[in-house]
Amino acid sequence: VLDARCHYARLRVAATASNDDILAAYKAVRVLVHPDKHAEANRARATTAFQDLLRSYEVLSSPAERRQYDNSFERHASRGGAAAAAAA
1234 VLDARCHYAR LRVAATASND DILAAYKAVR VLVHPDKHAE ANRARATTAF
1284 QDLLRSYEVL SSPAERRQYD NSFERHASRG GAAAAAAA
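Residues in the sequence shown are numbered consecutively from 1234, following my numbering.
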């Protein structure tokens, strides 16, 4: 299981996902976590989840940011970090 802080895990896509796959996943998941879809009591948590999701989409939809993220994720995994980067 991937770490929930992983951008790929948030979007529920593989690291090999295409830009079209990332966009489709973002659209599907944002509907589930959008703050307006949650009761007032859960709205703050949903807002945080929505902002995290948006950041993940921004990183993975930008070729330069995605490359930088992938490189740092691989370096972290090679050092045994985050349970070997969530078993890659």
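Beta carbons: idealized from backbone N, C-alpha and C, even for Gly.
Would you tell me roughly how many angstroms separate the C-alpha atoms of residue i and residue j, rounded to the nearest one?
i	j	result
residue 1271	residue 1277	9 Å
residue 1299	residue 1293	5 Å
residue 1288	residue 1243	10 Å
residue 1254	residue 1307	21 Å
residue 1302	residue 1260	21 Å
residue 1285	residue 1248	18 Å
Tell me which residue opens and which closes the alpha helix (DSSP H) that residue i is part of.
i	result
residue 1271	Premise fails: residue 1271 is in no alpha helix (DSSP H) and is neither H nor E.
residue 1324	Not covered by the structure: residue 1324. The range shown for the chain is 1234 to 1321.
Grab me the residues of residue i's own chain with a C-beta within less than 7 Å of its C-beta, minus the 5 sequence neighbours each way, in chain order.
i	result
residue 1245	1258 and 1262
Keeping to the same chain, check which residues put their C-beta closer than 8 Å to that of residue i; ignore five residues upstream and five downstream.
i	result
residue 1282	1266
residue 1291	1298
Determine whether the beta carbon atoms of residue i and residue j lie at a separation below 8 Å.
i	j	result
residue 1280	residue 1268	yes
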